[in-house]
Amino acid sequence: MSIESEATPGSEHATRVSDRAEPRGFASDNHAGAHPEVLAALNSANTGYASAYGDDAWTEAAREVFRDQLGPDAEAFFVFNGTAANVLSLEAVAPRSRQAVICAESAHLNVDEAGAPERHAGLKLLARPTPHGKLSVADIAHWDGNHGDVHRGQPIAVTITQSTELGTVYSLDEIRALADAAHERDMLLHIDGSRIGNAAASLGCTLRETTTDAGADVVSFGGTKSGMVFGEAVVFLRPGLSDLFEVGRKAGMQLASKMRFVAAQFEAMLGPSELWLLGATHANEMAGRLAAAVRDLDGLEITHPVEANAVFATLPQTAIDRLHSELGEHAFYVWDFDTREVRWMCSWETTAEDVDRFAERVAAALGQDG
Numbered sequence: 000m001s002i003e004s005e006a007t008p009g010s011e012h013a014t015r016v017s018d019r020a021e022p023r024g025f026a027s028d029n030h031a032g033a034h035p036e037v038l039a040a041l042n043s044a045n046t047g048y049a050s051a052y053g054d055d056a057w058t059e060a061a062r063e064v065f066r067d068q069l070g071p072d073a074e075a076f077f078v079f080n081g082t083a084a085n086v087l088s089l090e091a092v093a094p095r096s097r098q099a100v101i102c103a104e105s106a107h108l109n110v111d112e113a114g115a116p117e118r119h120a121g122l123k124l125l126a127r128p129t130p131h132g133k134l135s136v137a138d139i140a141h142w143d144g145n146h147g148d149v150h151r152g153q154p155i156a157v158t159i160t161q162s163t164e165l166g167t168v169y170s171l172d173e174i175r176a177l178a179d180a181a182h183e184r185d186m187l188l189h190i191d192g193s194r195i196g197n198a199a200a201s202l203g204c205t206l207r208e209t210t211t212d213a214g215a216d217v218v219s220f221g222g223t224k225s226g227m228v229f230g231e232a233v234v235f236l237r238p239g240l241s242d243l244f245e246v247g248r249k250a251g252m253q254l255a256s257k258m259r260f261v262a263a264q265f266e267a268m269l270g271p272s273e274l275w276l277l278g279a280t281h282a283n284e285m286a287g288r289l290a291a292a293v294r295d296l297d298g299l300e301i302t303h304p305v306e307a308n309a310v311f312a313t314l315p316q317t318a319i320d321r322l323h324s325e326l327g328e329h330a331f332y333v334w335d336f337d338t339r340e341v342r343w344m345c346s347w348e349t350t351a352e353d354v355d356r357f358a359e360r361v362a363a364a365l366g367q368d369g
């Protein structure tokens with residue numbers, strides 16, 4: 000049956016577009032598509048006229064959903080991407096006299112923001128090497144000598160990533176301890192929550208418990224990795240912290256004119272159907288399944304606890320080369336070329352079949368395909 004003779008209008012274009020899709024891989028949860036319910040929410044928001052720049056019913060509804068999820072004092076503001084969420088949120092709480100931020104050496108803010116914190120916000124990052132990507136109270140105390148020393152950057156905030164860049168998860172007690180340590184030093188605790196849903200699902204707790212109730216002050220709340228098309232949120236959790244943000248967002252080129260299309264996605268993700276939890280739980284389970292399938296293979300070592308939706312492992316260069324040759328260079332990332340550490344990331348869209356097939360290819364690349 001030919002497309003030309005039997006296809007419905009528009010289906011030929013759809014077929015051409017679908018041919019562009021890559022096989023599902025394990026490079027990043029950013030590679031996954033958008034959840035159908037998110038797309039439905041976008042379509043629903045595409046109804047008639049609505050006031051621009053957030054003065055619309057969808058944006059207010061989404062902000063109310065954030066208050067439901069994170070507490071009555073939560074003030075959510077929407078931006079296009081995670082770099083802006085991190086940089087603008089910290090810029091908003093950092094007075095000119097105190098613009099240093101304590102972070103893990105592996106933090107996305109430190110490694111993968113192309114210098115945006117320094118360039119756009121004038122922030123000095125005080126990075127510490129950390130086991131499995133997690134800051135400790137001792138890491139905060141390490142910088143105590145900076146306070147009041149005019150020759151050194153004055154810390155205003157501590158930032159942690161939940162879940163971390165290395166796939167680990169801070170416990171609620173660990174977050175509370177870091178928040179207490181920060182507050183005792185007149186600093187704030189910021190959470191880079193690009194995968195905050197995966198962390199909450201891993202801990203079996205609510206979003207509020209891993210943020211507001213644990214003592215956090217501001218959260219960069221991820222949406223794209225969870226199944227949205229685009230958009231992140233900056234959520235201030237204490238009264239008075241958001242006073243400077245709206246002007247900073249505009250000056251930072253992140254004020255969306257048709258904001259309803261960002262907001263509608265968050266309302267779908269965080270509303271009664273709890274898409275965030277369903278997707279995060281599934282992604283975490285797929286990472287656990289993958290870790291279990293490859294853990295005992297000779298020549299492979301899992302390098303960090305598998306606590307969310309990522310598996311980190313080292314394996315011989317010959318195996319990495321074979322996998323990339325067979326599956327494509329975008330099938331997964333080499334995280335550290337020196338140690339041959341790779342990252343395999345699962346998403347809300349990863350299937351058990353995807354995991355099992357990939358595990359079989361890894362075994363074969365290691366010469367253990369039975």
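In numbering that gives the first Met the number 0, the protein residues as written are 0 to 369.
Ideal Cβ positions, reconstructed from N, Cα and C, are used throughout, including at glycine.
Source: prediction; values computed, not measured.
For the candidate residues the options, whose alpha-carbon lies nearest to that of residue i?
i: residue 349; options: 308, 339, 314; result: 308
i: residue 254; options: 291, 59, 63, 79; result: 79
i: residue 201; options: 299, 167, 300; result: 167
i: residue 185; options: 97, 235, 43, 228; result: 97
i: residue 130; options: 100, 165, 54, 119; result: 165
i: residue 71; options: 207, 292, 368, 303; result: 207
i: residue 286; options: 353, 320, 234, 156; result: 353
i: residue 109; options: 158, 224, 239, 175; result: 158
i: residue 271; options: 64, 242, 43, 24; result: 64
i: residue 303; options: 86, 319, 340; result: 340
i: residue 263; options: 288, 95, 230, 317; result: 230
i: residue 25; options: 322, 368, 213; result: 322
i: residue 265; options: 136, 212, 329, 66; result: 66
i: residue 241; options: 218, 43, 355, 280; result: 218
i: residue 183; options: 156, 171, 205; result: 156
i: residue 47; options: 257, 138, 335; result: 257
i: residue 135; options: 144, 118, 188; result: 188
i: residue 204; options: 317, 45, 169; result: 169
i: residue 141; options: 356, 125, 150, 148; result: 125
i: residue 259; options: 301, 56, 29; result: 56
i: residue 181; options: 27, 137, 357; result: 137
So what's residue i in DSSP terms, helix, strand or just coil?
i: residue 8; result: With a pLDDT of 48 at residue 8, under the threshold of 50, the predicted position of this residue should be treated as unreliable, though the coordinate-derived value follows. Three-state result, residue 8: coil.
i: residue 353; result: helix
i: residue 248; result: helix
i: residue 160; result: strand
i: residue 305; result: coil
i: residue 235; result: strand
i: residue 78; result: strand
i: residue 317; result: helix
i: residue 344; result: strand
i: residue 217; result: strand
i: residue 339; result: coil
i: residue 212; result: coil
i: residue 267; result: helix
i: residue 311; result: strand
i: residue 57; result: helix
Inspect the beta-carbon positions of residue i and residue j and report whether they are closer than 7 Å.
i: residue 133; j: residue 152; result: no
i: residue 373; j: residue 215; result: Residue 373 lies beyond the range of the chain shown here (0 to 369); nothing can be said about it.
i: residue 40; j: residue 267; result: yes
i: residue 60; j: residue 236; result: no
i: residue 104; j: residue 127; result: yes
i: residue 36; j: residue 269; result: no
i: residue 282; j: residue 346; result: yes
i: residue 106; j: residue 160; result: yes
i: residue 115; j: residue 86; result: yes
i: residue 228; j: residue 33; result: yes
i: residue 197; j: residue 279; result: yes
i: residue 199; j: residue 174; result: no
Exposed or buried, which one is residue i when buried takes at least 16 other CB atoms within 10 Å?
i: residue 19; result: exposed
i: residue 53; result: buried
i: residue 226; result: buried
i: residue 306; result: buried
i: residue 221; result: buried
i: residue 342; result: buried
i: residue 154; result: buried
i: residue 76; result: buried
i: residue 233; result: buried
i: residue 100; result: buried
i: residue 44; result: buried
So, does the segment 311 to 323 touch the segment 356 to 369, judging by three or more C-beta pairs under 8 Å? yes
Inter-stretch contact at 8 Å, needing at least 3 Cβ pairs: the segment 239 to 254 / the segment 84 to 104: yes
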